[in-house]
Amino acid sequence: MARVPLVDVRAAYLSLKEEIDAAMRDVISTTSFINGPDVRGFEAEFAGFSGAKHAVGVASGTAALHLALHALGVGPGDLVVTTPHTFIATAEAISVLGARPRFVDVDRETGGITAKSVANAAAGAKAILPVHLYGMPVDMIGIREAAAEHGIPVVEDAAQSHGAEVEQPDGTTRRVGAIGEAGCFSFYPGKNLGCFGDGGAVTTDDVDLAERIRRLRDHGRSSKYEHEEIGYGYRLDTIQAAILRVKLRHLDAANARRRQLASVYTRELSNVGDLVLPPTIVGRTSVFHLYVLRTNRRDALMTHLQARGIGVGTHYPVPLHLQRAYSSLGHHAGDFPQAEAWAAECLSLPLFPEMTSSQQEAVVAALHDFFR
Ligand SMILES: *Cc1c(COP(=O)(O)O)cnc(C)c1O
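Anchor point for the sequence shown: position 337 equals 336 in numbering that gives the first Met the number 0, and the numbering is continuous, going up by one each time.
Here is the structure:
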């Protein structure tokens, strides 16, 4: 029987094993485990990749969000506009600063927040925190405009979208993370750019913001024994930075392969049952962190695929406004109908750069089988 995992972190490692092992050995032989040269090296290369002037390596995607919001002055009592259809880390970063997420509903097509919902909710907010979900950018042009009208920053949660692009009004393209005031990336192993544990980065064009985040991630240090302000223990390990430098060199090719696999799914699954497939949107290029489809028969389809050895996921089955952790916000079922529909109907299919054609054919065949 076909065994197709949802993601294959081992295959990703094996495809670059020699390079990665050498990079790790180098760090171990120098024992420069904290703030070693690979951290600065990776930061410069990741800034180059993203098209932002600066990148600051941090301990995780969650830490990136926490630091970016803190450095932009989000604090107790503030409101930050964000999405209920995401991983909880997005909203947690707001909450742990004593601020409150102001959830708005998402787009039926992409699952991301819209410029319109942001415009309606931005009054009185301290910042906007959209998520480029599944690798597909939100409407950053419209959202940036809505935020600018209220004079507040946009912090991009780009944890799922390393390298995704948005066409600018002048016709050039920019990568996510380099469009808002700050971009937050995760290098969790299964992300498009993943390390061998936890890691993350904040990108920004603002040198003062970058320096503040650099200081905050390392206990507010201005020198070894001097601390300018209260900060965090949120550094990126040198060994993770060394691994990331290797994998970054192959990221554009890996993203291209993801897009190719996604186009095969879209070709083979159009007009199958009631499936709604990921949209193509003019001016926005997805990097397909996930290939997420929607169906009214989600749970039955999931059982069918799992019984055939096909790994599937639901990203995410419970929207944040209905999580117990957020019960204090007083939301109810029905408050954000589009987010709730996504939660009930979404299904993530196997997709990773090392996926073979025969693996993908097995997934497609099992889907056709179900709707026959
Ligand atoms: C993965 C993820 C995060 C958190 O990143 P970690 O590195 O796991 O802390 C935040 N937001 C989104 C949308 C994510 O997918």
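In this text, a Cβ means the ideal position worked out from N, Cα and C, and glycines have one as well.
If you compare alpha carbons, which of the options is closest to residue i?
i           : options               : result
residue 73  : 250, 322 and 100      : 100
residue 167 : 178, 161 and 160      : 178
residue 347 : 367, 316 and 115      : 316
residue 12  : 50, 286 and 246       : 246
residue 210 : 57, 26, 35 and 352    : 57
residue 294 : 137, 237, 356 and 366 : 366
residue 313 : 334, 327 and 341      : 341
residue 55  : 186, 113 and 15       : 186
residue 322 : 40, 49, 87 and 9      : 87
residue 40  : 262, 239 and 357      : 239
residue 299 : 205, 369, 16 and 266  : 369
Can we count residue i as close to ligand 1, meaning its CB is less than 7 angstroms from some heavy atom?
i           : result
residue 359 : no
residue 133 : no
residue 240 : no
residue 82  : no
residue 156 : yes
residue 137 : no
residue 290 : no
residue 199 : yes
residue 322 : no
residue 88  : yes
residue 233 : no
residue 264 : no
residue 347 : no
How about residue i and residue j: do their beta carbons lie closer than 8 angstroms?
i           : j           : result
residue 83  : residue 319 : yes
residue 184 : residue 149 : no
residue 92  : residue 71  : no
residue 188 : residue 163 : no
residue 259 : residue 107 : no
residue 3   : residue 193 : no
residue 59  : residue 176 : no
residue 111 : residue 78  : no
residue 171 : residue 280 : no
residue 165 : residue 117 : no
residue 242 : residue 195 : yes
Within 8 angstroms of any Cβ in chain B, is that where the Cβ of residue i sits?
i          : result
residue 41 : Chain labels in this structure do not include chain B; a single protein chain is all it has.
Exercise. Pick out the complete beta strand (DSSP E) segments inside the region 38 to 111, 3 residues or longer, and give them in chain order.
Key: 53 to 57, 78 to 81 and 99 to 102
Practice problem: Determine contact between the region 202 to 216 and the region 229 to 243, defined as no fewer than three beta-carbon pairs at a distance below 8 angstroms. | Solution: yes
Quiz item: Does the region 45 to 61 come close enough to the region 190 to 206 to have 3 or more Cβ pairs within less than 8 angstroms?
Solution: yes
Quiz item: In the region 273 to 310, which residue ranges form an unbroken alpha helix (DSSP H) of at least 4 residues, counting only runs that do not cross its ends?
Solution: 297 to 306
Exercise. Count the CB pairs spanning the region 118 to 126 and the region 256 to 272 that are closer than 8 angstroms, and state whether there are at least three.
Key: no
Practice problem: Determine contact between the region 296 to 305 and the region 334 to 353, defined as no fewer than three beta-carbon pairs at a distance below 8 angstroms. | Solution: Contact between the region 296 to 305 and the region 334 to 353 is present, because at least three Cβ pairs lie under 8 angstroms.
Quiz item: So does the region 149 to 159 actually touch the region 21 to 33, counting three or more Cβ pairs closer than 8 angstroms?
Solution: no
Quiz prompt | Runs of alpha helix (DSSP H) wholly within the region 182 to 234 (minimum 4 residues, chain order) | solution = 206 to 215
Quiz item: In the region 333 to 370, which residue ranges form an unbroken beta strand (DSSP E) of at least 3 residues, counting only runs that do not cross its ends?
Solution: 345 to 348
Exercise. Could I get the ranges of all uninterrupted beta strand (DSSP E) runs contained in the region 156 to 184, with 3 residues as the minimum, in chain order?
Key: 164 to 166 and 172 to 174
Exercise. Give, in chain order, every unbroken run of the alpha helix (DSSP H) that is at least 4 residues long and sits entirely within the region 240 to 279.
Key: 250 to 268
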